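Each remark here refers to the structure printed beneath this line.
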Amino acid sequence: MSKKITYKVLYKNHKLKKGELMGTLVERRKDLRGKSKLDSGLNWAKAMFGQTVKNKHMIFVVPDEAKAKKDS
358 MSKKITYKVL YKNHKLKKGE LMGTLVERRK DLRGKSKLDS GLNWAKAMFG QTVKNKHMIF
418 VVPDEAKAKK DS
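For what it's worth, the numbering used here labels the leading residue of the sequence shown as 358, then goes sequentially.
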């Protein structure tokens, strides 16, 4: 079984004082290129969702690691 990391991508909403869910990203690669899960997910989230918000620095991620079944 390989591991996959699911990132919940959220945007800080200061008016509501909470994060708004923008979407989820699933990462299946083993090598994070020397980055932590948070750094890897945050860079990917900013690249994918950064153009949909005014300030991409308000984007944050919450990683969740789960085991994925290997396809036979």
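Glycine included, every Cβ here is placed at the ideal spot set by N, Cα and C. Because the structure is a prediction, the values reported are computed rather than measured.
Return the CA-CA distance between residue 428 and residue 410, expressed in angstroms with no decimal places. Locating residue 428 in the sequence shown gives position 71, counting from the first residue. Locating residue 410 in the sequence shown gives position 53, counting from the first residue. Any reading at residue 428 must be qualified, since the residue scores a pLDDT of 49, below 50, and its modelled position is unreliable; the value itself is stated next. Looking at the two C-alpha atoms, the distance is approximately 37 Å.
Any beta strand (DSSP E) of 3 or more consecutive residues that is wholly inside the stretch 385-425: Whole beta strand (DSSP E) segments, 3+ residues: 416-425.
Sort out for me which residues DSSP pairs residue 378 with in a bridge. Stepping through the sequence shown from its first residue, residue 378 is reached at position 21. In DSSP, residue 378 forms a bridge with 367.
Does the beta-carbon distance from residue 405 to residue 382 come in below 9 Å? For this step, residue 405 is matched to residue 48 along the sequence shown. For this step, residue 382 is matched to residue 25 along the sequence shown. Yes, the pair counts as a contact, with Cβ atoms nearer than the cut-off.
From 420, 421, 415 and 419, residue whose alpha carbon lies closest to that of residue 372: As a first step, residue 372 is located in the sequence shown; it is residue number 15 there, counting from the start. For the options 420, 421, 415 and 419, the alpha carbon positioned closest to that of residue 372 is the one of 415.
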